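Residue 134 is where the sequence shown starts when you use the numbering used here, and the numbers rise one by one after that. Note that beta-carbon positions come from the ideal geometry of N, C-alpha and C, so glycine has one too. What you are looking at is a predicted structure, and each value in this text was computed from that prediction instead of being measured. Below is one structure, written out as structure tokens; comments come after it.
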Amino acid sequence: MDIESNSNKEATGNNENQFPSYEPSGDFPWEKLPETIRGAVIEMCSNDSLPTPLAVQATLAAVSIACQDLILVDRGIGEVSPCSLFMLAIAESGSRKTTADRTVMKTIEAYDNEKTVEYEQLKIIHHDESRLYRIHEISLEKSYETWIKRKHRLTDDDDVNIEERLEEIKNELTNVRHKQASMQPPRLRRTLYSSISIKDLERSLCENWPSAGLVSNEAADILNARSESDMAHLDRLWDGQSIDVIGRVKRDSFSINDPRLTMSLMVQPSVFDRFMERKGEIARGVGFFPRTLIACPETLYGQRKINDPELRSKKWINKFNNRVLQLLNYSHTDIRERDKNRITLYFSPTAQLLWKNDHDDKESKTVDGGEHADEREFINRYSEHVARISALLHFFEHGELHFNSESVVTNHQDLQIKEHTVKDAIVICEWYLKEYSQLFNPIKSIEKAGKYVIERMIKQISLTNGIKPSEIFSSGIFLLEEGIKENDLRLICSRFGLKNNTLRFKKVLDWLDERNAIIRRNDTLGTSKKTTAMVFLNDFGCKKLL
Numbered sequence: 134m135d136i137e138s139n140s141n142k143e144a145t146g147n148n149e150n151q152f153p154s155y156e157p158s159g160d161f162p163w164e165k166l167p168e169t170i171r172g173a174v175i176e177m178c179s180n181d182s183l184p185t186p187l188a189v190q191a192t193l194a195a196v197s198i199a200c201q202d203l204i205l206v207d208r209g210i211g212e213v214s215p216c217s218l219f220m221l222a223i224a225e226s227g228s229r230k231t232t233a234d235r236t237v238m239k240t241i242e243a244y245d246n247e248k249t250v251e252y253e254q255l256k257i258i259h260h261d262e263s264r265l266y267r268i269h270e271i272s273l274e275k276s277y278e279t280w281i282k283r284k285h286r287l288t289d290d291d292d293v294n295i296e297e298r299l300e301e302i303k304n305e306l307t308n309v310r311h312k313q314a315s316m317q318p319p320r321l322r323r324t325l326y327s328s329i330s331i332k333d334l335e336r337s338l339c340e341n342w343p344s345a346g347l348v349s350n351e352a353a354d355i356l357n358a359r360s361e362s363d364m365a366h367l368d369r370l371w372d373g374q375s376i377d378v379i380g381r382v383k384r385d386s387f388s389i390n391d392p393r394l395t396m397s398l399m400v401q402p403s404v405f406d407r408f409m410e411r412k413g414e415i416a417r418g419v420g421f422f423p424r425t426l427i428a429c430p431e432t433l434y435g436q437r438k439i440n441d442p443e444l445r446s447k448k449w450i451n452k453f454n455n456r457v458l459q460l461l462n463y464s465h466t467d468i469r470e471r472d473k474n475r476i477t478l479y480f481s482p483t484a485q486l487l488w489k490n491d492h493d494d495k496e497s498k499t500v501d502g503g504e505h506a507d508e509r510e511f512i513n514r515y516s517e518h519v520a521r522i523s524a525l526l527h528f529f530e531h532g533e534l535h536f537n538s539e540s541v542v543t544n545h546q547d548l549q550i551k552e553h554t555v556k557d558a559i560v561i562c563e564w565y566l567k568e569y570s571q572l573f574n575p576i577k578s579i580e581k582a583g584k585y586v587i588e589r590m591i592k593q594i595s596l597t598n599g600i601k602p603s604e605i606f607s608s609g610i611f612l613l614e615e616g617i618k619e620n621d622l623r624l625i626c627s628r629f630g631l632k633n634n635t636l637r638f639k640k641v642l643d644w645l646d647e648r649n650a651i652i653r654r655n656d657t658l659g660t661s662k663k664t665t666a667m668v669f670l671n672d673f674g675c676k677k678l679l
């Protein structure tokens, strides 16, 4: 079977392959994606008003699932790495997380359905063959027993070579048992999981095909149910390391050898914040978050319009999905041959130098007081993220595979990742580094939370007065007198752990106060003799901050 690569040339003059002119919103560097992925992302954003990071996550997850069991990447430091990606999007309800996944995952779901039918047929064949071997084995055992009894009845005058016959039966019996033992039961080539616990996922990777994707656009259960042990096992799966699970009884014990797992989770902000409050430090400590590419896209409220059918092009989405299916259809026929048949990609000399220099530059900024001192955990994995994404982008767009009688064959040039691909991967990973920093860098996370508090105040004041949020700062309408009780404000701030963490909330208010974005004072309300802490918007400071 041949898997042909897609051309990297921008098609012109041919409506069938005309590249979309729509430009996605936001600051994600979508233009750094290779042509096939980029075209699919643009169409997804254009058709359904998706935030760019959601479309990117859905497509990269599909790429990772399709490629992860086929390739490794040599980083030029004496190590080869899997290319699986872990990704997490924190997006509000209405951001169309389900739409993003459904657009590209339906091809993989169809592949799974086809393989399930094939698996049921293989199970019948395997059962019948095993039964025939067992019948043969029983027949030989009975024959052996008969000749043993006959041996005991022989006299010295009988001219029968019983020992020779027994040896023949024994050899034939050994051969049948060896063939029976070497028969590999068929494995369900299940590629996609959604609603499943980590423990059940591990068991399924053991019993079925050990390369799959965990994709969920409502991943609250997966996050909330995760223990420290689950996260540690996920880290090993990201690394492609085998896992031994020891249960209380034998049936609960199993091993996963040479696994590959892609993970693409999408959760609402409130779910993520609760997870951070309960297990955030554990997740950072065991390395789950540094191994994960995290995005916090803004929902495109006010822009989610329905396009007419004739404007909803899917030419590049279909091209992308066809490529995913091509790669899935090149699959290892024998589970024992997976490692042997994988190909290893490597950097060209200039790409290797670029990758090394970028690694050293990022590492130098992790010293105390350095630009990335608070992102050290992510920087520890940053360069491997770059290598994995480089390999996936290169192979998905250019990889060309076919079989010979023994193994997979590829052109030498197909194995070499070029400098421009590494450069694009660096820009993409720097964007994810920025997103990680917004969550885990204390200064930047306070800034993000501060802007969120101002947005909540503006929304509350606009609702109270029946005006548009944009009118609050208009000349003559600024409502300085419309203060909000500090405690009431905290209760409507459900993001960033502010609602249940009074100390953190006060730190955010201090930060806003220092920048003259708010005015805080204690007022006497109604007939009460006690004062109440109030918060007011400050016109000049708010405009400067937002």
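Presumed contact (8 Å Cβ cut-off) between residue i and residue j, rounded CB distance
{"i": "lysine 239", "j": "methionine 399", "result": "Not confirmed; about 16 Å, so no contact."}
{"i": "leucine 631", "j": "arginine 623", "result": "6 Å"}
{"i": "aspartate 406", "j": "arginine 628", "result": "6 Å"}
{"i": "arginine 283", "j": "isoleucine 295", "result": "6 Å"}
{"i": "leucine 203", "j": "arginine 475", "result": "6 Å"}
{"i": "isoleucine 617", "j": "valine 560", "result": "With 8 Å as the limit, isoleucine 617 and valine 560 do not qualify as a contact, their Cβ atoms being about 41 Å apart."}
Range covered by the beta strand (DSSP E) that runs through residue i
{"i": "glycine 346", "result": "344-349"}
{"i": "arginine 653", "result": "651-657"}
{"i": "methionine 409", "result": "It is not in any beta strand (DSSP E) - methionine 409 instead sits in the alpha helix (DSSP H) that spans 402-418."}
{"i": "isoleucine 625", "result": "From DSSP, isoleucine 625 is part of no beta strand (DSSP E) but of the alpha helix (DSSP H) over 619-625."}
{"i": "tryptophan 377", "result": "Sequence inspection shows aspartate at residue 377; the tryptophan mentioned does not correspond to that position. That run of the beta strand (DSSP E) goes 376-378."}
{"i": "threonine 324", "result": "That residue, threonine 324, is in no beta strand (DSSP E); it is neither H nor E in DSSP."}
{"i": "alanine 191", "result": "Segment 185-200 is the alpha helix (DSSP H) holding alanine 191; no beta strand (DSSP E) there."}
{"i": "phenylalanine 638", "result": "Run containing phenylalanine 638: none in the beta strand (DSSP E); it sits in the alpha helix (DSSP H), 635-647."}
{"i": "isoleucine 427", "result": "425-428"}
{"i": "isoleucine 223", "result": "219-223"}
{"i": "leucine 203", "result": "That residue, leucine 203, is in no beta strand (DSSP E); it is neither H nor E in DSSP."}
Buried or exposed (CB count within 10 angstroms, at least 16 for buried), residue i
{"i": "glutamine 401", "result": "buried"}
{"i": "isoleucine 257", "result": "exposed"}
{"i": "lysine 495", "result": "buried"}
{"i": "serine 538", "result": "Bear in mind that a pLDDT of 45 at serine 538, under 50, signals an unreliable position, so the number given afterwards is only what the model happens to contain. Exposed, by the Cβ-count rule."}
{"i": "lysine 677", "result": "exposed"}
{"i": "lysine 248", "result": "buried"}
{"i": "cysteine 675", "result": "buried"}
{"i": "valine 542", "result": "Since pLDDT at valine 542 reaches only 48, below the 50 mark, its modelled position is unreliable, and no value is offered."}
{"i": "isoleucine 379", "result": "exposed"}
{"i": "proline 190", "result": "According to the sequence as given, residue 190 is glutamine; it is not proline. Burial call: buried."}
{"i": "lysine 662", "result": "exposed"}
{"i": "lysine 412", "result": "buried"}
{"i": "glycine 659", "result": "exposed"}
{"i": "leucine 670", "result": "buried"}
{"i": "aspartate 467", "result": "exposed"}
{"i": "asparagine 180", "result": "buried"}
{"i": "serine 608", "result": "At serine 608 the pLDDT is 48, less than 50, meaning the model places this residue with poor confidence; the figure from the coordinates comes in the next sentence. The residue is exposed, with fewer than 16 neighbouring Cβ atoms inside 10 Å."}
{"i": "histidine 366", "result": "buried"}
{"i": "proline 392", "result": "buried"}
{"i": "isoleucine 281", "result": "exposed"}
{"i": "aspartate 557", "result": "buried"}
{"i": "valine 555", "result": "buried"}
{"i": "threonine 307", "result": "exposed"}
{"i": "threonine 664", "result": "exposed"}
{"i": "valine 237", "result": "buried"}
Residue i, enclosing alpha helix (DSSP H) - first and last residue
{"i": "threonine 554", "result": "552-573"}
{"i": "arginine 509", "result": "509-531"}
{"i": "threonine 664", "result": "Careful: threonine 664 lies outside any alpha helix (DSSP H), inside the beta strand (DSSP E) at 664-670."}
{"i": "threonine 232", "result": "230-286"}
{"i": "alanine 484", "result": "482-497"}
{"i": "serine 315", "result": "295-315"}
{"i": "valine 500", "result": "Note, valine 500: premise wrong, no alpha helix (DSSP H); not H, not E."}
{"i": "serine 386", "result": "Run containing serine 386: none; DSSP gives neither H nor E here."}
{"i": "methionine 181", "result": "Rather than methionine, the amino acid found at residue 181 in this sequence is aspartate. From DSSP, the alpha helix (DSSP H) with aspartate 181 extends over 168-181."}
{"i": "serine 333", "result": "In the sequence under discussion, the amino acid at residue 333 is aspartate, which differs from the serine named in the question. Its alpha helix (DSSP H) spans residues 331-340."}
{"i": "aspartate 472", "result": "471-474"}
Check: residue i C-beta below 6 Å from any heavy atom of the ligand SAH
{"i": "proline 162", "result": "The model depicted lacks the ligand SAH and carries no ligand whatsoever."}
| query | How do the stretch 515-523 and the stretch 241-260 stand: do at least 3 beta-carbon pairs fall below 8 Å, yes or no? | reply | no
| query | Using 8 Å as the threshold, is the stretch 582-599 in touch with the stretch 363-380, meaning 3 or more CB pairs across them? | reply | no
| query | With contact counted as at least three CB pairs below 8 Å, one residue from each stretch, are the stretch 176-189 and the stretch 197-215 in contact? | reply | no
| Does the stretch 277-284 come close enough to the stretch 295-310 to have 3 or more Cβ pairs within less than 8 Å? | yes
| field | Given 8 Å, three or more beta-carbon pairs between the stretch 320-336 and the stretch 260-269 | value | no
| message | Would you call the stretch 205-219 in contact with the stretch 155-167, where contact means no fewer than 3 C-beta pairs closer than 8 Å? | response | As far as the Cβ criterion goes, the stretch 205-219 does not touch the stretch 155-167, which means the pair count is below three.
| message | Using a Cβ distance threshold of 8 Å, determine whether the stretch 503-510 contacts the stretch 452-459, with at least three qualifying pairs required. | response | no
| Three or more C-beta pairs below 8 Å linking the stretch 362-371 and the stretch 414-429 | yes
| Given 8 Å, three or more beta-carbon pairs between the stretch 549-565 and the stretch 482-501 | yes
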